[in-house]
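Below is one structure, written out as structure tokens; comments come after it.
In the numbering used here, the protein residues as written are 12 to 226.
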């Protein structure tokens, strides 16, 4: 048998251990609550960043639609520190997203408004003007190369068109004149060649955009 006083000692130690376990559980609960609070603060900061960045995107889009009615400069100056960086980041992203390869000569005219938007967003004016001068030359070269590509392919495809005309004449007994622009096979070939050329120029354009983000 265990002496009665040992029984009391063991009982007391058991209660102390249980109390320690409960305290440990309480401490863990407090720590968990603090972690949740920290996560909540981080979530609020993340949501705030998303909202301000989105505001920058919307503001830039409005400027590109109608510069005279835009309040993008006031909104930019309204924010300070990292919040201004968030706004600027969203706005710059939208402006650069609109800087794309031209499809016709008239598309080059929109470059000036894109440049104006980036200058308002505190991009380095001198570096920006130099970059846009290079891009304008690149875009003009792109349009010229696209025209040359189409004309070159039409000349190469001419014998195939004449052969198709001959086959149709034999089948129908009628004279039929075909053009490259109305020929599905030619248009498919032209589209594929356009795609390859656009990919090459877009790679150069992407490098330029990445550089402008640093201005």
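C-beta atoms are modelled at their ideal positions from N, C-alpha and C, and glycine is treated no differently.
Between which two residues does the alpha helix (DSSP H) holding residue i run?
| i | result |
| --- | --- |
| residue 88 | 83-89 |
| residue 140 | 136-183 |
| residue 200 | 195-223 |
| residue 226 | Unbroken run through residue 226: none, as it is neither H nor E. |
How about residue i and residue j: are their beta carbons less than 8 Å apart?
| i | j | result |
| --- | --- | --- |
| residue 176 | residue 164 | no |
| residue 105 | residue 57 | no |
| residue 227 | residue 92 | No answer is possible for residue 227: it lies beyond the span of the chain, which begins at 12 and ends at 226. |
| residue 219 | residue 146 | yes |
| residue 98 | residue 110 | no |
| residue 75 | residue 128 | yes |
| residue 125 | residue 226 | no |
Suppose you measure from the CA of residue i to the CA of residue j; what does that come to, to the nearest Å?
| i | j | result |
| --- | --- | --- |
| residue 202 | residue 223 | 30 Å |
| residue 204 | residue 156 | 11 Å |
| residue 54 | residue 60 | 10 Å |
| residue 118 | residue 181 | 46 Å |
| residue 80 | residue 215 | 33 Å |
| residue 160 | residue 116 | 16 Å |
| residue 95 | residue 143 | 25 Å |
Assuming residue i contacts residue j under a Cβ cut-off of 8 Å, what Cβ separation, rounded to an integer in Å, is found between them?
| i | j | result |
| --- | --- | --- |
| residue 212 | residue 107 | Between residue 107 and residue 212 the Cβ distance is about 16 Å, and since that is not below 8 Å, they are no contact. |
Should residue i be labelled buried (16 or more other beta-carbon atoms within 10 Å of its own) or exposed?
| i | result |
| --- | --- |
| residue 183 | exposed |
| residue 63 | buried |
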